[in-house]
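Numbering-wise, the sequence shown is residues 4 to 621 according to the working numbering. Have a look at the structure below before the remarks.
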Amino acid sequence: MSDPQPSLLPDSKPASGQAGADGRVSAYRVLARAYRPQRFSELIGQEALVRTLSNAMRTGRIAHAFLLTGIRGVGKTTTARIIARALNCIGPDGTGGATPEPCGECEHCRAIADGRHIDILEMDAATHTGIDDIRELVDSVRYAPTSARYKVYIVDEVHMLSEKAFNGLLKTLEEPPSQTLFIFATTEVRKVPITVLSRCQRFDLRRIEGDVLARYFRTIADREGIEIDDAALALICRAAEGSARDGLSLLDQAIALGGGTAINVEAVQDMLGLADRKRVLDLFEHIMRGHLKASLAGLADLYERGSEPEAVVHDLLEISHWLTRLKVADQSEETAGTAWDAARGEAMAKALSYGVLSRAWQMLLKGLDDLRIAPSPLLATEMLIVRLAHAADLPTPEMLLNVTQGGGAGGLGAPSSESKGSPASKGDAEAAASPPMSSGPERAMFSVPPPPEAKKESSERSGADESGNGHQPAHNGTAVEPPSDNVAVKTFEDAVLLFKAHAKPLFYGWLHGQARLVHFEFGKIELQRGDMMLAERRQEMAACLREWTGQPWQVVEVDGPGAPSLTEQEAMAKEQRLAELSDDPRLKPLLDAFPGAQIIDVQPASPIANGNPEHTVT
Ligand SMILES: [Zn+2]
């Protein structure tokens, strides 16, 4: 990383909305910088690494090269900087030696923190991949450190170096000059040549456990004076996927959305594009109950709200997997940090048998294949749901077995009051593959036709659409096109919605809530410079779009000014609608009739809504 750190605050001070060194006001507080750990003891979730390195510092047995591997945002670069400081700290009085607890006050500590120490060189191999860059670096190795005890070379994303560059480096690694230390960081250790690997002491930085992250974020929220409920925190931790920095980035966004004081779970769900999760869980339950009409309505509703059919099927798959895990494992373990409703999950897991869940899994998986070749993913998903809902009425293999053995027929298609399908007390999956079936109300053993109106509805729907040759049903309430190999992405918003549809909450949240668009064209998104997320993750975002659309994409940083974020635009549009409505003569009598009534929300009318008014006024 070559950019200097303009605002590395000591960890004890709260991060406040601050201007960057160049006077640009940051769009939001950057917690990841404000709370960047400054000593080994502050690194969270990396106990093994901390122990080993602390011991090495105390005993003075320092390797000549370290390799730090791990996913993004677990603290590789941070650890590298701490090592540089630990080796070079001279203590507040200028007489100290290498220490696992660098003082943070001496000239070396401060210069390293500011990224301006002459003996600590940071290089991003992602942008300096060539032999010339390495030659320059290797040449400088010959000179002793200027003022520090150790000269430290930090090479980020080292796997990006070219073969020649690696070879150039190898010679130096074979005969490392004293008082020189190389620290390599990489997300993809398999791409680092074995010759280099074998000369490094390797540390694997693990994904940080959800509960560790939760405790850490809770501490930070407390210090910042932010109220955040546990459920909201759990959602953030889950979306962070073990990365402290990604999690802090999300926390930043949530704070910005919450006006800087309180964060509730609804706001975070919205921010992460997870509000639909409850609806998907409803859908799963309808399907498992065999309620065909409600299932199809649930799918239509999700589709109107912008969910891709494929994403819905993915979610249903995830739910069936999650419920199965819930049955097998210690429940508190499985529900911690989940984005699904834990209490509901436990109830559903109890009511559904392994047989039903694994059958649902298989049908969904098969359905996903059908989806890819079907002319309309929505139609294919509707048919899949019809099949699944029917299957809810079919006997499971274990029921049939039970019947042939003369036992009673315990229907398991639908959740019911008691835990008839729950695993045997030991809870092991093998035993539970044929759970006791005796209790529970009798259910139909064979396929029961769906309620007549539902059947009619579904056949009408698919019939009409087939004759229309791929035409979508009339409910195209949002801008999202159904996915195909060449997804039509006509606007920036379309592109952002793809991140939601593909369950990339971190990117979706940032793109929707923070990103300021300067220019959009198919294949290229230009966003206003000045955001850590953009600087560090834009290539990943572009890679996602490339994967989903099959076309090359660029996400570019440019000097602004950019448009307001999508979230801001939505808020402004809503305000405007409200303003217009309050002048609407049709509403006047209504408002007069209810003194004190206020218009607080406006929703566009739904095209297939049954009897909805043009606007929903609350
Ligand atoms: Zn120091």
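For each residue, glycine too, the CB sits at the ideal point set by N, CA and C.
Sorry if obvious, but does the Cβ on Cys-203 come closer than 8 Å to a heavy atom of ligand 1?
-> Taking the first residue of the sequence shown as 1, we reach residue 203 at position 200. False, no ligand heavy atom lies under 8 Å from that Cβ.
Taking the CB atoms as reference points, tell me whether Glu-311 and Ala-504 lie closer together than 9 Å.
-> Stepping through the sequence shown from its first residue, residue 311 is reached at position 308. Stepping through the sequence shown from its first residue, residue 504 is reached at position 501. Against a cut-off of 9 Å, the Cβ pair of Ala-504 and Glu-311 comes out as a contact.
Mapping DSSP to helix, strand and coil, what is Glu-230?
-> Along the sequence shown, read from residue 1 onward, the residue named residue 230 stands at position 227. Note: Glu-230 maps to strand in three-state DSSP.
Contact under 9 Å by Cβ, Glu-313 with Leu-371 = In the sequence shown, the residue the question calls residue 313 occupies position 310. In the sequence shown, the residue the question calls residue 371 occupies position 368. In contact: Glu-313 and Leu-371 (Cβ atoms closer than 9 Å).
Write down the C-beta distance between Gly-565 and Leu-520 rounded to the nearest angstrom, noting that I regard them as a contact closer than 8 Å.
-> Locating residue 565 in the sequence shown gives position 562, counting from the first residue. Locating residue 520 in the sequence shown gives position 517, counting from the first residue. Sure, about 5 Å apart at Cβ, within 8 Å.
Hey, Pro-555 and Gly-516: beta-carbon distance below 9 Å or not?
-> As a first step, residue 555 must be located in the sequence shown, where it is residue number 552. As a first step, residue 516 must be located in the sequence shown, where it is residue number 513. No, Cβ-Cβ distance for Pro-555 and Gly-516 is not below 9 Å.
Where the alpha helix (DSSP H) containing Val-268 begins and where it ends = Indexing the sequence shown from 1 puts residue 268 at position 265. Here the alpha helix (DSSP H) through Val-268 covers 268-274.
Nearest residue (CA-CA) to Thr-98, options Arg-152, Asp-122 and Trp-325 = As a working mapping, residue 98 is identified with position 95 in the sequence shown. Among Arg-152, Asp-122 and Trp-325, the Cα nearest to that of Thr-98 belongs to Arg-152.
Taking Cβ positions, are Ile-47 and Glu-244 nearer each other than 9 Å?
-> The sequence position of residue 47 within the sequence shown is 44, counting from 1. The sequence position of residue 244 within the sequence shown is 241, counting from 1. Not in contact: Ile-47 and Glu-244 (Cβ atoms no closer than 9 Å).
Tell whether a beta-carbon distance below 9 Å holds between Leu-319 and Leu-295.
-> For the purposes of this step, residue 319 is taken as residue 316 along the sequence shown, with counting starting at 1. For the purposes of this step, residue 295 is taken as residue 292 along the sequence shown, with counting starting at 1. No.
Given a threshold of 16 other Cβ atoms within 10 Å of its Cβ, counted over all protein chains shown, does Gly-368 qualify as buried or as exposed?
-> What you label residue 368 is simply residue 365 of the sequence shown in a count that begins at 1. The residue asked about is misnamed: residue 368 is Leu in this sequence, not Gly. When all chains shown are included, Leu-368 counts as exposed.
Between the Cα of Gly-563 and those of Val-33, Pro-180, Ala-217 and Ile-528, spot the shortest distance and give me the residue it belongs to.
-> In the sequence shown, the residue the question calls residue 563 occupies position 560. Minimum Cα distance to Gly-563 is reached at Ile-528.
Can you tell me where the beta strand (DSSP E) with Ile-186 in it begins and where it stops?
-> Here residue 186 refers to the residue found at position 183 of the sequence shown. Note, Ile-186: beta strand (DSSP E), 183-189.
Grab me the residues of Asp-344's own chain with a C-beta within less than 7 Å of its C-beta, minus the 5 sequence neighbours each way, in chain order.
-> Sequence index remark: in the sequence shown, residue 344 carries index 341 (1-based). Same-chain partners within the cutoff: Lys-281 and Leu-284.
Are Val-155 and Ala-87 closer than 9 Å when you measure CB to CB?
-> As a working note, residue 155 is residue 152 in the sequence shown. As a working note, residue 87 is residue 84 in the sequence shown. Contact flag set, yes.
Apart from the five residues just before and just after Leu-302, which ones in its own chain have a Cβ nearer than 7 Å to its Cβ?
-> The count along the sequence shown starts at 1 and reaches residue 302 at position 299. Cβ within range, chain order: Leu-286, Val-315, Thr-384, Glu-385 and Ile-388.
Does ligand 1 have even one heavy atom less than 8 Å from the beta-carbon of Glu-45?
-> For this step, residue 45 is matched to residue 42 along the sequence shown. No, since every heavy atom of ligand 1 falls outside the 8 Å radius drawn around the Cβ of Glu-45.
Could you work out which residue in Leu-590, Met-60, Ala-242 and His-67 is closest to Pro-508 when comparing CA atoms only?
-> Stepping through the sequence shown from its first residue, residue 508 is reached at position 505. The candidate whose alpha carbon is nearest that of Pro-508 is Ala-242.
Using the Cα positions of Glu-288 and Lys-577, report the straight-line distance between them to the nearest angstrom.
-> Within the sequence shown, numbered from 1, the residue matching residue 288 stands at position 285. Within the sequence shown, numbered from 1, the residue matching residue 577 stands at position 574. Cα to Cα, Glu-288 sits roughly 33 Å from Lys-577.
Alpha carbon of Arg-113 to alpha carbon of Lys-353, nearest angstrom = The residue labelled residue 113 in the question sits at position 110 within the sequence shown. The residue labelled residue 353 in the question sits at position 350 within the sequence shown. Cα to Cα, Arg-113 sits roughly 57 Å from Lys-353.
Look at the alpha carbon of His-67 and the alpha carbon of Thr-327, and state the distance between them as a whole number of angstroms.
-> Translated into the one-based positions of the sequence shown, residue 67 becomes position 64. Translated into the one-based positions of the sequence shown, residue 327 becomes position 324. C-alpha separation (whole angstroms): 48 Å.
Near ligand 1: Pro-105 beta-carbon under 8 Å from a heavy atom = By one-based count along the sequence shown, residue 105 stands at place 102. Yes, since a heavy atom of ligand 1 falls inside the 8 Å radius drawn around the Cβ of Pro-105.
Evaluate Arg-589 with the Cβ neighbour count: other Cβ atoms within 10 Å of its Cβ, from every protein chain shown; 16 or more gives buried, anything less gives exposed.
-> The count along the sequence shown starts at 1 and reaches residue 589 at position 586. With a threshold of 16 other beta carbon atoms within 10 Å, Arg-589 falls short and is exposed.
Have a look at Leu-238 and Met-274 and give me their C-alpha separation to the nearest angstrom.
-> Counting from 1 along the sequence shown, the entry for residue 238 is found at position 235. Counting from 1 along the sequence shown, the entry for residue 274 is found at position 271. Cα to Cα, the separation comes out at about 10 Å.
Residues sharing a beta bridge with Val-559, DSSP | Looking up residue 559 in the sequence shown gives position 556. Beta-bridge pairing links Val-559 to Glu-529.
Can you tell me the Cα-Cα spacing of Val-561 and Gly-512, whole angstroms?
-> Taking the sequence shown and counting its residues from 1, one reaches residue 561 at position 558. Taking the sequence shown and counting its residues from 1, one reaches residue 512 at position 509. CA-to-CA, the gap between Val-561 and Gly-512 works out to about 20 Å.
Is Thr-327 helix, strand or coil by DSSP?
-> Walking along the sequence shown from the start, residue 327 turns up at place 324. In the structure shown, Thr-327 sits in a helix (DSSP, three-state: H, G or I).
Is the beta carbon of Glu-108 within less than 8 Å of some heavy atom of ligand 1?
-> Taking the sequence shown and counting its residues from 1, the one referred to as residue 108 is at position 105. Glu-108 Cβ: within cutoff of ligand 1.
Applying the criterion that 16 or more other CB atoms from any shown protein chain within 10 Å of the CB defines a buried residue, is Gly-443 buried or exposed?
-> As a first step, residue 443 must be located in the sequence shown, where it is residue number 440. Its pLDDT being 35, under 50, Gly-443 is placed unreliably by the model, and nothing is read from it.
Counting only runs that start and end within the stretch 45-126, where is the alpha helix (DSSP H) found for 4 or more residues in a row?
-> 50-62, 79-91 and 110-116
Pull up the distance between the alpha-carbon of Glu-178 and that of Pro-95, whole angstroms please.
-> The residue given as residue 178 occupies position 175 in the sequence shown. The residue given as residue 95 occupies position 92 in the sequence shown. Cα-Cα distance, rounded: 34 Å.
When we look at the beta-carbon of Tyr-357 and count the other beta-carbons within 10 Å, is it buried (16 or more) or exposed?
-> For the purposes of this step, residue 357 is identified with residue 354 of the sequence shown, where counting begins at 1. Answer is buried; the Cβ neighbour count reaches 16.
Are three or more beta carbon pairs between the stretch 157-167 and the stretch 49-69 nearer than 8 Å?
-> no
Less than 9 Å separating the beta-carbons of Thr-264 and Thr-190?
-> What you label residue 264 is simply residue 261 of the sequence shown in a count that begins at 1. What you label residue 190 is simply residue 187 of the sequence shown in a count that begins at 1. Cβ atoms of Thr-264 and Thr-190: not closer than 9 Å.
Tell me whether the beta-carbon of Asp-534 lies closer than 9 Å to the beta-carbon of Ala-546.
-> By one-based count along the sequence shown, residue 534 stands at place 531. By one-based count along the sequence shown, residue 546 stands at place 543. No. Outside cutoff.
Burial state of Lys-174, where buried means 16 or more other Cβ atoms lie within 10 Å | Numbered from 1 along the sequence shown, position 171 holds the residue referred to as residue 174. By the 10 Å Cβ count, Lys-174 comes out exposed.
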